[in-house]
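Protein sequence lines, in the order shown, are assigned to chains V, P and W.
For the first sequence, the numbering used here assigns the number 1 to the initial residue and increments by one for each residue that follows.
For the second sequence, the numbering used here assigns the number 1001 to the initial residue and increments by one for each residue that follows.
For the third sequence, the numbering used here assigns the number 2001 to the initial residue and increments by one for each residue that follows.
Where a beta carbon is used, it is the ideal one built from N, C-alpha and C, also for glycine.
Please read these numbers as outputs of a predicted model, since none were measured by experiment.
All remarks here apply to the structure that follows.
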Amino acid sequence: MSTQRKHRSFGLRAICALAVLAVFLMLNMPQASAQTSGRDVRPPDINSTTLAEPSGPSNALGDKSDSDFWRQIRRANPGKVTIPDRQAAVLIQSDGQNWRAVRTGPIKVYGSWILAAVVVILTVFFAIRGRIRIQSGRSGRVIMRFTLNQRIVHWFIAVLFIFMALTGLIILYGRDVLIPLIGKPAFSVIASASKQGHDLFGPLFLLATLALFVSFVKGNLPQRGDLKWILKGGGFFGGHASSHRYNAGEKLWFWWAVLFGLLLSLSGLTMLFPTVIPELGNLQLANLLHGIAAILVIAFAIGHIYLGTIGMEGALEAMTDGYVDENWAREHHDLWHEEMRRKGEIEPALPPSGGRGMSAPASGE
Amino acid sequence: MSFLGFVEGPLFTVAAVVFVLGVIWKLAGILFLGIRPDYATPRGSALGGAVITNIRHLFPRRIFLANGGLFHFLTGYAFHIGLFILLIFALPHMTFLKDRIFGFGWPALPRWAFIVMAELALGGLLLLWIRRLSDPVQRLVSEPADHISTGLTLLVMLTGCFALQISHDVLRAIHMLLADLWLIYFPFGRLMHSFTFLFSRGMTGAAYGRRGVAP
Amino acid sequence: MNTTADNAATPPAGDAETAIALFLEKTGARAAAYLDACIRCGACANACHYYQASGDPRHAPVNKFRMLEKAYRRHKDPWAWLKRLSGFAPADPDIGDMQEWQELVYDTCSMCGRCTLACPMGIDIAQLVAITRAGLTAAGLAPEPIRSMAAAARDVGSPLGIDAAQLRDILNELSEKHGVPIPLDKEKADVLLIDSSLDYKVFQPTLVAMAKILDALGIDWTFSSKGYEASNLGLFTGQEDVAKAMVERIVTAAEDVGASLVLAPECGHGYASIRWEAANILGRELPFEVLHISEYLARLHREGRFGLRPLDHPITYHDPCKLGRRGGVIEEPRDILRDLAPDYREMEPSGVENWCCGGGGGVLLLESAAKTRLEAFRIKMDQVERTGAEGVVMACAFCHHTFDNGAEHFNWDRKVEDLVQLVAEHMILPGNGAATGHPAGH
């Protein structure tokens, strides 16, 4: 029976495995881009092995041949300009073609595989396991799991995240997915709206990520027992895995969201204010990191949303009402439940109409 | 006439008229209900009380900062400041107001300031709405009127963001359409607090100003 | 209409229409502005001692005027016609709503006005609660014993049933027992003193203390059997006939004896009634000054008419809501107490921001309100305890009663003291340097 109790780790494991795979693939990117770019885009000609002058009589072909001339340009060697913008001295940004090849190549391709894989795995999991129920039913007693402030922060970042994810995916995949469906004129409108919306909500995401860190870090530091939880597979494959307030999977999600959230925010800000960091190479790097981080966070978030809604009975109310049923706590977070019981934090559930206060009776102020 | 021409032209005119007349009707209607004269010998000034209470209630008292006071103060101000500055100083708004109403222009926001103001307005309103949906008290007492006002305002701002790349008429038209609807809805719902707050604070301030206190 | 006495005897069947009619009659521009300015931010919950005590969102002040708002939207909102026409008008509140709201406006609201401080719009929610109470009373939903006490006040002269003859007996007895003249029905006097039934029956030492002080200072004063009851339960129930009867008697009495000053006793709403409401209930300015006893004592003290022997223990002062926040008398009691007590301490917060004791507005009288009220009283005890004061002084019999009740329930060890009693006990007259006498009763 207890084998049925812990299930999060399966999804999490799958996601982790995919994430590791993705990182591995990204590290092999140069080869990947070299292989794919030839088919899709003009090859960046930067792998020339020699810079030697052409042989032959001096000046027989003039100072430079056309091909040399173009080769120099394609190497992005700066020439001379008299205007203050030094970047104008580079006639063609050949690195831009590399960037474009990586973005439209591996990031798009592997990114879509990762996202599809997560959806498939969760679908299969749901088909086999179904909804994870509260085994012993509802107790009628509840424990406060998330304070009002935590809930506000959660929904703030949730709304922003969904908005940023949708507009971001439109920016990344819209050409491939939407143009065939709705045509170019309509896509141009949607793309413009998505781009502007994405830009304007972006900075708020940094704020939300910082707020997320501050309001949820307590309880999300590694604890004794986390490793055991992981080794037991979180109970997803049988057995009962003990857990504190947050299990190792939730902790991983917290740090995942915070670190990739910061990476997304900072790389996004770089792109939003491109003149602050003048080197184009940095912007290209920021864009690539932005895409990779986005795919990884979205993939994890799909699993998180699954478990928070249809995947597990009694989980969503922790984020809406703030309270969970005592039996839910006992089954999924036994160590936390024990701690709350000792502190006398278990209250009778109230009917939906009458609620609880947002604070304990105030004393004086 | 193009859709954009319609929402920026005739529909805007209708909306503006409904807004102005509606607000006047509502405020006059409230005042028409009558204020009873106060015959008690005053201890202080009614006018002074009205002014002081109006100013004092711009800021929460220190004792109410906990449990949402500070949150409402920060998000409320962020939203309102962002909204008003964008309304007046965003370049497309300035141009529209210049062309349609005033006939003269004024300096518009640079891009960075536009972005900052948009963050304040959007973040503030979003947080306020989320709190409305999360806090047990606000959830109990919020009515459709509260959510319609918030949602409509958020939609106007959101479509404004979408339309930022001015080249797409459809996006501008959607924004303008929602702005028209917002103006038309204004006198009938909670958005009227933009005006009635002066009455409310003023009347409390006057009543208690006469008693020598400023609650 | 039947005579008013019938109302008290038989609770009328609930009648929602009467209530709604009264809601609408009493909703003027001020209430309308309040109802239209509220944006449902819930900040008021932060200020309400009952909400803090119960944690029940229904007890948030904003919720308490929602029934009134329904009636306003349907009938009196400048857009009411449009809302009805379009089908967007809310339904009229029915008797079920009103029964539910009885708890909200009677049991869990003392109309202390603290929520107004927290409201960004400055809405005087207590005012809206008063209108709601008036409607409920008209519909026969004023709870006992407030309803019958209000009727007794109107018909007999006092909510506790003290008529003119009983008054004479009480005053005579006190006068003899304490050896202090307590004039009643003098032909002419400068000062008319009124008092509340609580003092006549329960806190008699306070009454005696006032008499001693006035006598010692040589004031030309009197009680009058034509108007002696300071409390005004009509303000709790929203019954205009009760409210009018109470203030009319006092005004008549004051005019008959030619008083230039009516002195309101230690009774928060009694002060508000004669000082702030009476002129408006009668629709004319009053031909005399009205002072709270603490205001009067502060004035005489400032004029050097008496001095004070220092008190031997640390005290703090509890601001009665209707005297301080809603009455404007905040500094005067402190002027006296700071001079009286070498160790005077302020509660945090205090003055206009003070927490209500939880008993005002008639709440103390309601058995059904006791649980939440006592829970709310913890806030008050905690406030007092944090000052470290041994005694908590107040200038309101209803607060005093609430404090006594709470102290008994919780076995609380702090002294609950009356301002005028302390003054009477520690008064020094200039010249002879002697106190007025013995402590005014035990």
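Among P:I1166, P:R1132, P:L1181 and P:L1126, whose alpha-carbon lies nearest the alpha-carbon of V:S188?
Position 188 of the first sequence holds residue 188 of chain V. That would be P:I1166, whose Cα lies nearest to the Cα of V:S188.
6 Å Cβ shell around V:D68 - same chain, five flanking residues per side excluded
On the first sequence, position 68 is the one that residue 68 of chain V refers to. Cβ within range, chain order: n/a, list empty.
Tell me W:T2222's beta-bridge partners as DSSP assigns them.
Along the third sequence, read from residue 1 onward, the residue named residue 2222 of chain W stands at position 222. Per DSSP, W:L2192.
Where the region 1067-1081 of chain P meets chain W: residues whose CB sits under 8 Å from a CB there
N1067, G1068, G1069, H1072 and G1076
Which chain W residues sit within Cβ distance under 8 Å of P:S1142?
To locate residue 1142 of chain P, count along the second sequence from 1; it is residue 142. Here the neighbours are R2040.
Chain-ordered chain W contacts of P:L1031 [CB-CB under 8 Å]:
By 1-based counting over the second sequence, the position of residue 1031 of chain P is 31. Within chain W, the residues near P:L1031 are A2029.
Cα-Cα separation between V:N77 and V:K108, rounded to whole angstroms:
Counting from 1 along the first sequence, the entry for residue 77 of chain V is found at position 77. Counting from 1 along the first sequence, the entry for residue 108 of chain V is found at position 108. Each residue's Cα considered, the two are about 30 Å apart.
Please state whether the Cβ-Cβ distance between W:G2238 and W:K2026 is less than 9 Å.
Counted from its first residue, the third sequence places residue 2238 of chain W at position 238. Counted from its first residue, the third sequence places residue 2026 of chain W at position 26. Cβ distance < 9 Å, so W:G2238 and W:K2026 count as in contact.
Extract the residue ranges of the alpha helix (DSSP H) inside the region 1005-1073 of chain P, only unbroken runs of 4 or more that lie entirely within it.
1010-1032 and 1046-1056
Can the beta-carbon of W:G2361 be found less than 9 Å from the beta-carbon of W:F2203?
For the purposes of this step, residue 2361 of chain W is taken as the residue at position 361 of the third sequence. For the purposes of this step, residue 2203 of chain W is taken as the residue at position 203 of the third sequence. It is not a contact, given that the beta carbons lie outside the stated cut-off.
Using a Cβ cut-off of 9 Å (strictly closer), state whether W:V2352 contacts chain P.
Mapped onto the third sequence, residue 2352 of chain W falls at position 352. Judged by the 9 Å Cβ criterion, W:V2352 is in contact with chain P.
Smallest Cα separation from W:C2321: which of W:H2292, W:K2083 and W:V2352?
Translated into positions along the third sequence, residue 2321 of chain W becomes position 321. Considering only alpha carbons, the answer is W:V2352.
Just to confirm my understanding: we take P:A1173, look at its own chain, exclude 5 residues before and 5 after, and list those with CB closer than 7 Å. What are they?
Numbered from its first residue, the second sequence carries residue 1173 of chain P at position 173. If we look at P:A1173 and ignore the five residues flanking it on each side, its Cβ neighbours are F1003, L1004 and V1007.
Mind checking whether P:L1033 and P:L1177 have CB atoms under 9 Å apart?
Against the second sequence, residue 1033 of chain P aligns to sequence position 33. Against the second sequence, residue 1177 of chain P aligns to sequence position 177. Against a cut-off of 9 Å, the Cβ pair of P:L1177 and P:L1033 comes out as no contact.
Roughly how far, in whole angstroms, is the beta-carbon of P:T1159 from the beta-carbon of P:W1129, given that I think they are within contact range, below 8 Å?
Residue 1159 of chain P sits at position 159 when you count from the first residue of the second sequence. Residue 1129 of chain P sits at position 129 when you count from the first residue of the second sequence. The pair is not a contact, with the Cβ atoms about 16 Å apart (cut-off 8 Å).
Tell me where the beta strand (DSSP E) around V:P348 begins and ends.
To locate residue 348 of chain V, count along the first sequence from 1; it is residue 348. Run containing V:P348: I346 to P348, per the beta strand (DSSP E) assignment.
Thinking W:P2159 and W:S2197 are a contact (beta carbons under 8 Å), I'd like their distance in whole angstroms, please.
For the purposes of this step, residue 2159 of chain W is identified with residue 159 of the third sequence, where counting begins at 1. For the purposes of this step, residue 2197 of chain W is identified with residue 197 of the third sequence, where counting begins at 1. Going by Cβ atoms, the distance from W:P2159 to W:S2197 rounds to 5 Å, so yes, they are a contact pair.
W:A2043 and P:T1196 closer than 9 Å at C-beta:
Numbered from its first residue, the third sequence carries residue 2043 of chain W at position 43. Numbered from its first residue, the second sequence carries residue 1196 of chain P at position 196. No, the Cβ-Cβ distance between W:A2043 and P:T1196 is not below 9 Å.
Output the residue ranges of the beta strand (DSSP E) runs that lie fully inside the region 2128-2204 of chain W and measure 3 residues or longer, sorted by chain position.
2191-2193
I'd like to know whether the C-beta of W:W2276 is nearer than 9 Å to at least one C-beta of chain P.
Within the third sequence, residue 2276 of chain W is the residue found at index 276, counting from 1. Chain P contact via Cβ: present.
Taking C-beta pairs closer than 8 Å, name the residues in chain W that P:F1064 reaches, listed in chain order.
Working through the second sequence from its first residue, we reach residue 1064 of chain P at position 64. Near P:F1064 (Cβ distances below 8 Å), the residues of chain W are A2043, N2046, A2047, L2117 and A2118.
Could you spell out where the beta strand (DSSP E) holding W:G2391 opens and where it closes?
Looking up residue 2391 of chain W in the third sequence gives position 391. Taken as a continuous stretch (DSSP letters only), the beta strand (DSSP E) holding W:G2391 covers G2391 to M2394.
Per DSSP, which one or two residues make a beta bridge with W:A2264?
Along the third sequence, read from residue 1 onward, the residue named residue 2264 of chain W stands at position 264. Note: W:A2264 sits in a beta bridge opposite W:H2292.
Would W:L2337 pass as a contact of W:L2419 if the rule is Cβ separation under 9 Å?
Within the third sequence, residue 2337 of chain W is the residue found at index 337, counting from 1. Within the third sequence, residue 2419 of chain W is the residue found at index 419, counting from 1. Yes, Cβ-Cβ distance for W:L2337 and W:L2419 is below 9 Å.
Could you give the first and the last residue of the continuous alpha helix (DSSP H) run that contains V:Y323?
Taking the first sequence and counting its residues from 1, one reaches residue 323 of chain V at position 323. Premise fails: V:Y323 lies in the beta strand (DSSP E), Y323 to D325, not in any alpha helix (DSSP H).
Of all Cβ atoms in chain P, is any one closer than 9 Å to the Cβ of V:K195?
Looking up residue 195 of chain V in the first sequence gives position 195. Yes, its Cβ sits closer than 9 Å to a Cβ of chain P.
CA-CA distance, V:A349 and W:A2407?
Here residue 349 of chain V is taken as the residue at index 349 of the first sequence, counted from 1. Here residue 2407 of chain W is taken as the residue at index 407 of the third sequence, counted from 1. Looking at the two C-alpha atoms, the distance is approximately 31 Å.
Of all Cβ atoms in chain P, is any one closer than 9 Å to the Cβ of W:D2215?
Taking the third sequence and counting its residues from 1, one reaches residue 2215 of chain W at position 215. False, the Cβ-Cβ gap to chain P never drops below 9 Å.
Could you check which residue in W:E2417, W:P2090, W:L2184 and W:G2055 has the C-alpha nearest to that of P:E1143?
In the second sequence, residue 1143 of chain P corresponds to position 143, counting from 1. Answer by Cα proximity: W:P2090.
Is W:K2076 close to chain P, meaning its C-beta is less than 9 Å from at least one C-beta of that chain?
Residue mapping note: residue 2076 of chain W aligns to position 76 of the third sequence, counting from 1. Cβ-Cβ to chain P under 9 Å: yes for W:K2076.
Do you know whose CA, among V:I170, V:A186 and V:R175, lies nearest P:H1168's CA?
Counted from its first residue, the second sequence places residue 1168 of chain P at position 168. Looking at the Cα atoms, V:A186 is the closest of the given residues.
Exposure of P:M1001, with buried meaning 16 or more beta-carbon neighbours within 10 Å
Translated into the one-based positions of the second sequence, residue 1001 of chain P becomes position 1. That one is exposed.
In chain V, which residues lie with their C-beta within 8 Å of the C-beta of P:I1115?
Position 115 of the second sequence, counted from the start, is the residue given in the question as residue 1115 of chain P. Per Cβ cutoff of 8 Å: D199, L200, P203 and L272.
Show which residues of chain P have a CB atom less than 9 Å away from the CB atom of W:E2285.
Translated into the one-based positions of the third sequence, residue 2285 of chain W becomes position 285. Simply Y1039, A1040 and T1041.
Assign V:V214 to one of two classes, buried (16 or more other C-beta atoms within 10 Å of its C-beta) or exposed (fewer than that).
Residue mapping note: residue 214 of chain V aligns to position 214 of the first sequence, counting from 1. By the 10 Å Cβ count, V:V214 comes out exposed.
Name the DSSP bridge partner or partners of V:H244?
Taking the first sequence and counting its residues from 1, the one referred to as residue 244 of chain V is at position 244. The partner list for V:H244 (beta bridge, DSSP) is empty, contrary to what the question assumes.
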